[in-house]
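>
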């Protein structure tokens with residue numbers, strides 16, 4: 222294992238905002254991407270991945286665009302459940 226592989230990937234500002242806001246602050250203690258993936262919350266891990274600099278999230282507008290896309294996908298699933306006919 223190289224030194225670079227041992228150094229945890231620190232969070233960018235967008236990921237830091239996510240850790241503070243998600244789950245009413247339950248994840249505010251997270252300081253690295255590795256820690257974010259280890260908490261066992263798939264939605265949180267997804268958001269952290271979407272907001273990663275390594276994935277091209279390099280400005281506020283891009284962060285908001287990605288979050289809006291995710292929110293729209295979730296809204297479509299909620300709407301599909303709302304339209305289900307309950308027997």
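Residue numbers (the numbering used here): 222 to 308.
Cβ atoms here follow ideal geometry from the backbone N, Cα and C, with glycine treated the same way.
Predicted, not measured: the structure shown is a model, and the values here were computed from it.
State yes or no: is the C-beta of residue 287 within less than 8 angstroms of the C-beta of residue 280?
In the chain shown, residue 287 corresponds to position 66, counting from 1. In the chain shown, residue 280 corresponds to position 59, counting from 1. Not closer than 8 angstroms, so no.
> Mind checking which residues open and close the alpha helix (DSSP H) that includes residue 269?
Taking the chain shown and counting its residues from 1, the one referred to as residue 269 is at position 48. 263-271 is the extent of the alpha helix (DSSP H) around residue 269.
> Please name the residue in 243, 254, 238 whose C-alpha comes closest to that of residue 276.
Taking the chain shown and counting its residues from 1, one reaches residue 276 at position 55. Taking only the C-alpha atoms, the option nearest residue 276 is 254.
> Could you name the residues that DSSP lists as bridge partners for residue 253?
Counted from its first residue, the chain shown places residue 253 at position 32. Partner(s): 231.
> My output table needs one value for residue 237: the three-state DSSP class, helix, strand or coil.
Counted from its first residue, the chain shown places residue 237 at position 16. The answer is helix: DSSP assigns residue 237 an H, G or I state.
> Report the option in 238, 263, 303, 264 whose CA atom is closest to the CA atom of residue 285.
Here residue 285 corresponds to residue number 64 of the chain shown, with the count starting at 1. Cα-wise, what sits closest to residue 285 is 238.
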